[in-house]
Structure formats: structure tokens, C-alpha cells
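Below you'll find the structure, written out as C-alpha cells, and then a few comments.
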Amino acid sequence: MKNTFFVTLAALLVASPALAQTGGQQQYISDEISVSIREAPRNDAPALGIIKSGARVTVLESLGAESFARIRTSDGRTGWITARFLTAQPAAATRLVQTREELDAARAQLRSLESELASAKAQLSKARPAFELSQENEKLQAAIAEHERTAADLQLRYDAARQQRKTLLTGAGLLSGGVILGLLMPWFLRSGRRRRSDF
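Under the working numbering, the letters of the sequence shown match residues 1 to 199, in that order.
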């Protein structure tokens, strides 16, 4: 009885690590499958080789979705496989690789755009004083143009006033000459009569 107990106890102790290893460990079913290429559309036909999931093939002939399809592989082999293993979509592993590549490309593009944005901000920051100077320059040019217009207007007024003054002086001179002539004329006339009477 004691011998049986010890033998059972020893067996349990030896088996317990193996039980512990398989009891709580999670694993997954692999999606890696292999499909046999056969000479004829039968499961017992001789195999020509195997193709793995994700391989691209060209369907040459199909006997139905639940039967067989004659295919040609990318390396040129031709044979029959079970049609249910064919799908219009690439395998999940292939799609995952494509998605990762697209994601990497999108991240690279994002980094490039961020770099370009930072460069544009830096250039804008450097150009801001020049831009502000340009705006100030435009304001000064507008003020100069306004002063030039005012000066031109004043020049026109000055020229008009000068011409008017010249006309007035000419008129005043003529009037003064006429007055003086009018005052002297009687004296000349009297003087002429006296000279004639003296003869």
C-alpha cells in the first residue's frame, strides 16, 4: 500500500510540470497552409508540388466552388487544386504587409510635411521684419506721393497768382501811364498854343 502511494505521488510530481506548462498558455492557430497541386481534379491524383497561402495564381478552368480548379503558378507550374482555397483577396499576412508599407509611407510623408511646415514657419519668421519694412515703405511712398500732389497743386496756384499779379501790374502800369498822360496832355496843348501865338 505504501509502495503504491509513493509510486502515485512520484508520478504526479513528474507529470505536474508538464501539466503546468500546457494548462494556462495561450496559442493561436496558424494561417499558414499548404495546398497540393495535383495532376488531375481528384484528391487521389498524384501531387505535382505544393503552394503556400498568399501565393498568386491564375485560374485557367474551374469545375465549381466546391470542386477543383486548374491553375497556373507564378513560376509556370500547371495543375489542379481544391477550389475552396481560392479567394479574390490576398491572404491576411500579405494584406498586413501592404498595410504596414502604406502606413510607413504615410508616416514618412507626414514627417516630410512637418519638416516642410517647420521650414516655412522659420522662413516666415525671418521674412517678417522685411515684410513689415515693406509695409512701412509702402506707407512712406504713399505719404511722399501725397506731398508731391500737394506741392504740385501749390505750384499751380502760385503760377496762377503770379500770372494774375503780372496782369494786374501791367494793367496798373497802363492805367498810371494813361493818368500821367491825361495830366500832361493839357499842359502840352497849352504850351503849343503859346508858342504859336508867339509867332
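Just so it is clear, CB atoms sit at the ideal spot from N, CA and C, and this is done for glycine as well.
Beta-carbon separation (whole angstroms), residue i vs residue j, contact threshold 8 Å
i	j	result
A47	F68	Contact doesn't hold; Cβ gap of about 13 Å is too wide.
I71	I50	Not really, about 13 Å apart at Cβ, beyond 8 Å.
L60	P41	Actually they are not in contact, since the Cβ atoms of L60 and P41 sit about 12 Å apart, beyond 8 Å.
E39	G76	That belief does not hold up - the Cβ atoms of E39 and G76 are roughly 16 Å apart, past 8 Å.
R100	S74	About 22 Å separates the two Cβ atoms, so there is no contact after all.
Residue from the options with nearest C-alpha to residue i
i	options	result
D44	G171, E101, I81	I81
S34	T58, A120, L86	L86
T58	E66, A65, A88	A88
Segment limits, beta strand (DSSP E) that includes residue i
i	result
F85	That residue, F85, is in no beta strand (DSSP E); it is neither H nor E in DSSP.
A47	47-52
E61	57-62
R38	34-38
A65	That residue, A65, is in no beta strand (DSSP E); it is neither H nor E in DSSP.
Q) Curious, which full-length beta strand (DSSP E) runs of at least 3 residues does the region 120-165 contain? A) Listed in chain order, the beta strand (DSSP E) runs fully inside the region 120-165 amount to none, counting runs of at least 3 residues.
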